[in-house]
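Undergrad: Remember, the numbering used here sits 458 above the position in the sequence shown when you count from 1. C-beta atoms are modelled at their ideal positions from N, C-alpha and C, and glycine is treated no differently.
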Amino acid sequence: MFLREPTHILLVILVLILLFGAKRLPDSARALGRSLRIFKGELKSDKNPESPNDPDNPSSPPKSE
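1) Can you tell me the Cα-Cα spacing of Asp504 and Leu474, whole angstroms?
2) Does DSSP classify Glu463 as helix, strand or coil?
3) Could you spell out where the alpha helix (DSSP H) holding Ala489 opens and where it closes?
4) Suppose you measure from the CA of Leu476 to the CA of Leu490; what does that come to, to the nearest Å?
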(Lines of atoms letter the chains of each structure in order from A and count residues from 1; the text may use other names and numbers.)
(Lines give C-alpha, C1' and ligand atoms only; values in the text may rest on other atoms or scores of the structure.)
Protein backbone atom coordinates (compact mmCIF):
# COMPACT_ATOMS: atom_id res chain seq x y z
CA MET A 1 0.00 0.00 0.00
CA PHE A 2 1.51 3.29 1.12
CA LEU A 3 4.87 2.30 2.64
CA ARG A 4 5.90 -0.43 0.22
CA GLU A 5 8.48 1.57 -1.65
CA PRO A 6 11.75 2.68 -0.05
CA THR A 7 11.21 6.24 -1.25
CA HIS A 8 8.01 6.47 0.78
CA ILE A 9 9.78 5.27 3.92
CA LEU A 10 12.61 7.76 3.39
CA LEU A 11 10.09 10.55 2.85
CA VAL A 12 8.31 9.73 6.13
CA ILE A 13 11.64 9.65 8.00
CA LEU A 14 12.64 12.98 6.49
CA VAL A 15 9.35 14.60 7.50
CA LEU A 16 9.69 13.25 11.06
CA ILE A 17 13.22 14.62 11.34
CA LEU A 18 12.08 18.01 10.05
CA LEU A 19 9.14 18.14 12.46
CA PHE A 20 10.76 16.89 15.64
CA GLY A 21 14.49 17.33 15.10
CA ALA A 22 17.20 14.68 14.96
CA LYS A 23 18.00 14.88 18.67
CA ARG A 24 14.44 14.55 19.91
CA LEU A 25 13.45 11.49 17.86
CA PRO A 26 15.54 8.90 19.80
CA ASP A 27 14.26 10.29 23.10
CA SER A 28 10.68 10.06 21.87
CA ALA A 29 11.17 6.51 20.61
CA ARG A 30 12.74 5.50 23.93
CA ALA A 31 9.82 6.99 25.89
CA LEU A 32 7.34 5.24 23.62
CA GLY A 33 9.11 1.91 24.15
CA ARG A 34 9.05 2.33 27.93
CA SER A 35 5.36 3.20 27.84
CA LEU A 36 4.55 0.15 25.75
CA ARG A 37 6.56 -2.06 28.12
CA ILE A 38 4.62 -0.72 31.11
CA PHE A 39 1.32 -1.13 29.27
CA LYS A 40 2.09 -4.76 28.36
CA GLY A 41 3.11 -5.46 31.96
CA GLU A 42 -0.21 -4.10 33.21
CA LEU A 43 -2.10 -6.22 30.70
CA LYS A 44 -0.28 -9.33 31.89
CA SER A 45 -1.05 -8.52 35.53
CA ASP A 46 -4.75 -8.14 34.66
CA LYS A 47 -4.77 -11.61 33.13
CA ASN A 48 -3.55 -13.05 36.44
CA PRO A 49 -6.02 -11.61 38.96
CA GLU A 50 -5.31 -11.90 42.65
CA SER A 51 -6.96 -14.76 44.50
CA PRO A 52 -10.54 -14.02 45.63
CA ASN A 53 -9.72 -15.10 49.21
CA ASP A 54 -7.05 -12.44 49.59
CA PRO A 55 -7.82 -10.47 52.80
CA ASP A 56 -6.15 -7.34 51.42
CA ASN A 57 -8.43 -7.31 48.39
CA PRO A 58 -12.01 -8.15 49.39
CA SER A 59 -14.31 -8.91 46.49
CA SER A 60 -17.35 -7.37 48.17
CA PRO A 61 -17.65 -4.33 50.41
CA PRO A 62 -17.94 -4.93 54.15
CA LYS A 63 -21.47 -5.51 55.40
CA SER A 64 -22.89 -2.72 57.50
CA GLU A 65 -24.51 -3.67 60.77
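TA: From the atom records:
1) 35 Å
2) coil
3) Following the DSSP letters along the chain, one finds Ala489 inside the alpha helix (DSSP H) bounded by residues 482-505.
4) 19 Å
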